[in-house]
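Residue numbers (numbering that gives the first Met the number 0), protein chains in the order written: chain A, 0 to 236; chain B, 0 to 471; chain C, 0 to 237.
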Amino acid sequence: MPLADHRQEVFARIREALKVPAPHRHVGHTGEHPTAPNHDDGLPGSETFRAWLPLVGESLEEQITLFAQNSAALKTELHRVGSPAEAAEHLNQLAREVGWHRVATHPHPLALPLAEKVPLPRLVVGPGYAVTDMESCDAAITGCDFLVAQTGSLLISSASAGGRALSVLPPHHIVIASASQMVPDLGTALHQARLRYAREWPSFLSFITGPSRTGDIERILVLGAHGPKRLTVFLVP
Amino acid sequence: MIAFAREFKRMAARYTADLQHRALIQRALRSYEVKRDEFKARYQSWGEARQAASEIKWEAINHLDRYLEEFITKLEARGTKVFVASTDAQARDYIVKVAQENKVKRIIKSKSMTAEEIELNHALEHAGCTVFESDLGEYIVQLRHEKPYHLVFPAMHLTREDISRLFEKELGSQPTNSPEELTMIARSVMRKNYIEADLGISGANFGIAETGMISITENEGNARLGTSLPKIHVAIMGIEKLLPRLEDLALFLPMLATAGAGQQITCYNTLYGGPRQPGEIDGPEQFHLVLLDNHRTEFLADAEQRDSLHCIRCGACLNVCPIFKNVGGHSYGTTYQGPIGSVITPHLRGLQNWKHLSFASSLCGACTEACPVGIDLHHHLLQNRRNATQGKATWWEKPIYAGFVFFMRRPWLYQLSGKLGKIFFPLHKLVNGTLLDPLRLWTKTRDFPDMAPQSFQEYWKEKKAKGPHAPR
Amino acid sequence: MKVSLFIPCFIDQFYPHVGISMVQVLERLGCEVDYPEGQTCCGQPAFNSGYWDEARAVAEHSLKTFKDCDVIVSASGSCGAMMRVFYPDLFKETVHHFDALKMAPKIHEFSEFLVNVLGVKDVGARFDGTVTFHDGCHGLRELGIKTEPRELLSHVKGLNLVEMNDTETCCGFGGTFSVKFPAISTAMGEVKCTNIVATKADYVVSNDSSCLMQIQGLLDRQGNKVKCLHLAEVLART
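In C-alpha cells form, the structure reads like this:
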C-alpha cells in the first residue's frame with residue numbers, strides 16, 4: 000500500500016460516536032409522535048418489500064406481459080419469438096436494415112449460435128480482445144442472467160454477458176434469453192444471483208433497463224448518451 | 000456579516016430577480032414531478048417502503064463500525080485496495096499517488112459528488128493529469144468551468160441554446176437546438192477518451208457490506224465504460240453509504256430512481272466487487288476504493304442529526320424545495336445544494352460560517368416529506384439555528400429576544416403595547432416603504448396590514464361584560 | 000364541550016375578526032367557548048430564530064396559561080404546531096417536559112377540531128364566491144391537516160372551491176425568514192400568487208393568517224383584487 004491508511008483512527012471515532020444512541024424516526028407526518036420500530040425479528044427483508052413495491056403478477060404470462068409493458072415504456076425492443084431460428088431471422092432483417100458490417104459476441108449457449116447465423120464478420124471476445132476491435136462493431140449479441148418483470152430490467156454479469164464492455168460499448172445491444180430466466184422482481188433477481196454465484200461472485204453485475212439515456216439537457220430524454228442507442232431483447236420459450 | 004452569508008444573499012437576490020431562470024427551473028422540475036408522481040403511484044405503499052428504507056439506513060449507520068469492517072474485509076479478500084481517509088487531503092493525496100505510481104496521464108471520470116466534495120479534479124490536474132468528466136451534465140459544467148448546479152442534474156440551469164453556444168466555442172461544433180444532436184456531439188468526443196484513458200474514477204451510490212460490493216446508479220453508461228476499459232478503477236465513497244444486505248438494493252434502487260429522477264429505475268445499476276477476477280476477460284487490473292470520513296464521524300457523534308447520514312443523494316429534497324427553485328443551485332456556494340446541503344454543510348465546513356443556509360428556509364418541510372429515507376431535514380435546520388445561536392448569538396438579536404421574553408411573559412405589558420401600537424401605528428403610513436420605515440424589509444415588496452381598531456382580547460372582555468346571552 | 004381558544008398574538012392585534020369568527024362558529028355548534036386570559040405568544044419567533052432559552056421562557060407562560068384546559072383550539076396551524084409538536088422538543092430534559100407532553104394532544108387546529116373532534120363537516124355556513132385553498136405548511140406537514148378544511152369548505156352553500164397548482168408549496172412567509180431573506184420570501188410569494196390568480200378565484204382561504212398576511216401583502220402590492228380570508232371567517236358566514 001503506497002500510504003498508510005487511517006482506518007484505525009476513523010474506526011475509533013465511529014465507535015466513540017455510536018456510544019450515544021440515535022432516536023428512531025417514524026416517517027409519517029411529523030406531528031405524529033413516533034413509536035420506535037421493533038427490530039426484534041430483524042430488518043424487513045425483500046420478501047416484505049414485495050408488498051410495498053409495484054405489484055407483479057404471479058404467473059409467468061403475467062410477468063412476461065409486465066416485462067413487455069415496461070420494455071415498451073423504456074424503448075427496449077422486445078421480440079417474443081417461437082425459436083432461436085426465428086430470432087435469427089429478425090436479427091438478420093435488423094442487420095440489413097441498419098447496414099451492419101460486423102458484430103461482436105461471446106461464447107454463450109444462446110448468444111453465440113444466434114450470432115453465427117448472421118452472415119457478417121464476427122468478433123468473439125475472449126481473453127486479450129482488442130477494445131478498438133470491439134468498438135468497430137455495430138452490435139453486440141449477449142446472454143444475460145435474469146429478466147426482471149417489475150422493472151423491465153435485465154441482470155447481466157461478466158460471466159453471462161461476455162465481460163464488462165461488450166454490453167455497453169457497441170451502439171446496439173442484442174440480448175437473447177429464455178422465458179425461464181424471467182423473475183418477478185429485483186429482490187428475486189438478487190436472490191437468484193446469490194444462489195448462482197455466491198461461491199465466487201463475478202467482479203461485475205449490472206441491471207440494464209432500456210438503452211442508454213440522458214436528460215441532462217433541459218430534462219429532455221435522449222437515447223444513446225454514452226452506451227447503446229438501442230437495446231433489443233429476444234425472448235425464446 | 001460573514002462573507003459566505005453576504006455572497007449567498009447577493010447571489011440569491013440575483014437569481015430570485017431572474018424570471019427566465021425561475022421559468023426554466025420550474026419547467027424542468029415540472030416534467031420530473033409528473034413522472035415521479037406517476038411512478039410513486041405504482042408503489043403498493045410508498046409510505047411503508049420509506050419507513051423500511053429509513054430503518055435499514057438506521058441499522059447501517061448505527062452499527063457502522065460492524066458493517067464497515069465486514070465491507071472492507073470482503074473487498075480486500077477479492078483484491079480491492081481499500082484506503083480509509085480521515086480527511087479530504089488524505090483522499091486526494093492517495094488518488095494522486097495512485098495516478099503517479101502508474102504514470103497515468105488521462106483520466107475518465109464519472110459523476111461523483113464525493114469527488115466534488117474533496118475537489119479531486121483540481122488536485123489531479125495539478126499533478127499533471129487531464130481529467131475528462133464523462134457524464135453529460137458534468138462535462139457541460141466542466142467546459143464552463145462551473146460547479147454542478149444540482150447534485151443530480153448538474154446542468155439544469157442551462158438551455159439548449161447555452162449548450163450549443165458552449166459546444167460551438169469549445170469544440171467547434173455546428174450550432175443546433177436539438178438536445179439529441181448536442182448529446183451525440185458529447186458522445187463522439189467522449190468515445191476516444193474511454194479507450195485512451197489510463198484510469199477511471201467513479202463514485203458509489205451504495206456499499207453492500209454483506210458481499211463487499213459497490214453499487215453505481217446511472218443512466219448514460221459513462222460510468223460503466225469508465226470502469227470497464229481503463230486498467231485502473233478508483234472509486235470514492237463516503238463511509239456512510241453502506242447497506243447491510245445485497246437484497247436491500249431491491250428497495251433502494253427503485254426508490255432512489257423514483258424520488259431522485261422520476262424514473263421507475265435508472266438505466267444502469269451496476270455492482271462492482273473487485274478488479275478483474277481470474278477467468279474474466281476484461282475489467283481493470285487494479286481497483287482502489289477510497290472510503291472518506293471528512294467530518295462524517297463528527298455528525299455521527301451528533302445523535303440528534305445522525306440521520307442526515309442516511310442520505311442517498313437522490314436530490315428529491317432539492318426538487319421540491321421552494322428556496323432551491325428560486326435561488327438556484329449556484330447561490331449556495333456548497334458542494335451539496337438544497338435542504339440536505341443546508342443541513343450538512345455547517346458540519347462539513349463550520350457552523351458559524353455556514354449557518355445562514357439554515358436560516359434561509361421557511362421551514363415548510365417539503366424536503367422532509369420528500370426524503371425517501373426519512374431524514375428529518377427541516378427540523379435539523381431548526382437545530383442548526385439553535386446550535387449556531389448558542390455558540391454565538393447575533394449581537395443585536397439577543398436584546399430583541401430578551402425584550403420579547405419580557406413582554407410576552409407579562410400579559411399586561413403585551414396588552415399595553417397593543418394599545419400604544421394602535422396609537423402610533425398610523426404614523427407608519429408616513430414612512431411606509433421609505434428608508435426610514437422600520438418595516439422596510441417587509442414593505443419594500445409587500446403591503447403591511449393595519450392594526451385592528453379592537454383586538455380580540457378587547458372584544459372578549461366586552462363580550463364577557465355583556466354576559467353570556469348578549470347578542471354577538 | 001368546553002373549548003379554550005388560543006388566539007396567537009398577531010391574530011389578536013391584526014386579525015381579531017378571525018378569532019371572533021371562531022367564537023361564532025363554535026357557539027353555533029353548541030360549544031362552550033372560553034378564552035384563557037393572559038395569553039400572549041407561543042414563542043415561535045424566538046424558537047425559529049434559534050433562541051430556544053428565550054422561546055422556552057415564553058412557552059412556559061403558555062403552558063401555565065393553558066394548564067387547566069382540556070381542549071385547546073388554535074386559530075393558526077403554525078402556532079398550534081409550535082405547541083403540539085415543538086413544545087415537547089423544546090422542553091426536553093427540563094422540569095416542564097411532562098407538562099408539554101401532557102398538553103400536546105389537547106391542542107387542535109380549528110378545522111381539524113371541527114371535523115375530527117366534533118365530527119362536523121357542515122357548519123351551516125353560506126358563502127357566495129369562488130375560493131381557492133392554500134395549505135399552510137405547518138398545518139399540513141407538522142399536523143397532517145389536508146382534507147379537513149376542504150371537507151368543511153365543500154359543505155358551505157354557494158361556495159365554489161377550485162384547487163390551485165402547487166397548493167402545498169410554501170407561500171414564503173416563514174416568520175422571521177420573511178424579513179431576514181426578503182428577496183427569497185418575495186419570490187416564493189410571487190410564485191404562490193401566480194398560482195392563485197390563475198384559478199380566477201375571488202378569495203384565497205387558509206387556516207393560517209400568517210400565510211395570508213404574506214399573500215395579501217403581495218396581492219395588494221400587485222394591485223390584485225383577490226382577497227384573503229381565514230377559514231373561520233368563511234365558516235362564520237350564514
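Virtual Cβ for every residue (Gly too), placed ideally from N, Cα, C. Note that the coordinates shown come from a computational prediction; the quantities given were computed from them, not determined experimentally.
- Contact of B/P437 with chain C is not assigned, every C-beta pair being separated by 8 Å or more.
- For the stretch 130-166 of chain C, the continuous beta strand (DSSP E) assignments of 3+ residues that do not extend past its boundaries occur at 156-160, in sequence order.
- Relative to C/M163, the option among C/V190, C/Q215, C/I183, C/E141 whose CA is nearest is C/V190.
- Just so you know, the alpha carbons of C/K224 and B/L291 end up roughly 56 Å apart.
- Nearest in C-alpha terms to C/R220, of all of B/K460, B/K465, B/P448, B/S454, is B/P448.
- Between A/D215 and B/F166, the gap from beta carbon to beta carbon reaches 8 Å or more.
- B/Y271 is positioned such that its CB atom lies closer than 8 Å to that of B/I213.
- Against chain B, the CB of C/T39 has a partner CB under 8 Å away; the residue lies at that interface.
- Comparing alpha-carbon positions, the option among B/E219, B/V289, B/L350 lying closest to B/Y267 turns out to be B/E219.
- In the three-state scheme derived from DSSP, where H, G and I count as helix and E and B as strand, B/N221 is classed as helix.
- Annotated three-state conformation of B/N268 is strand, per DSSP.
- In this structure, C/G76 is the residue among C/T166, C/Q23, C/G76 with its C-alpha nearest to the C-alpha of C/C41.
- With 16 or more other Cβ atoms inside 10 Å of its own Cβ, A/S202 counts as buried.
- Taking 8 Å as the CB threshold, B/M155 stays off the interface with chain C.
- Taken through DSSP and simplified to helix, strand or coil, C/M0 comes out as coil.
- In the structure shown, B/V130 adopts extended strand secondary structure according to DSSP, grouped into three states.
- Using a Cβ-Cβ cut-off of 8 Å, C/S209 does not count as an interface residue toward chain B, since no Cβ of chain B sits closer than that to its own.
- When DSSP states are grouped into helix, strand and coil, B/A234 belongs to the strand group.
- Note: C/M212 is not bridge-paired with any residue in the DSSP secondary-structure output.
- Taking 8 Å as the cut-off, the beta carbon of B/P321 is found no closer than this to the beta carbon of C/M102.
- Secondary structure of B/K108 (DSSP, three-state): strand.
- Boundaries of the beta strand (DSSP E) around B/K80: 80-84.
- With respect to B/G327, B/H20 sits close: the two C-beta atoms are nearer than 8 Å.
- Taken in chain order, the whole beta strand (DSSP E) runs of length 3 or more contained in the stretch 46-121 of chain A are 75-79, 102-104.
- Between the alpha carbons of B/L415 and B/A315 lies a distance of about 48 Å.
- Taking 7 Å as the upper bound on Cβ-Cβ separation, chain C lies near residues P321, I322, N325, V326 of the stretch 311-341 of chain B.
- In the three-state reduction of the DSSP assignment, A/S202 falls in the coil class.
- Note that the C-beta distance between C/G173 and B/S360 is below 8 Å.
- About 6 Å separates the Cβ atoms of C/P148 and C/F132, confirming a contact at the 8 Å cut-off.
- Non-local C-beta neighbours of B/E116 in its own chain, meaning closer than 6 Å and more than five positions away in sequence, comprise T334, ordered along the chain.
- DSSP places B/G199 inside the beta strand (DSSP E), whose first and last residues are 198-201.
- Note on geometry: alpha-carbon atoms of B/K230 and B/G273 lie some 13 Å from one another.
- Straight through space, the alpha carbons of A/A110 and A/V117 are spaced by roughly 11 Å.
- Residue A/I207 holds the alpha-carbon nearest to the alpha-carbon of A/R229 among A/V235, A/P236, A/I207, A/G125.
- In the three-state DSSP reduction, B/D449 falls in the coil class, being neither helix nor strand.
- Non-local beta-carbon contacts of B/G261 in its own chain, meaning distances under 6 Å to residues more than five positions away in sequence, involve Y31, K34, R35 in chain order.
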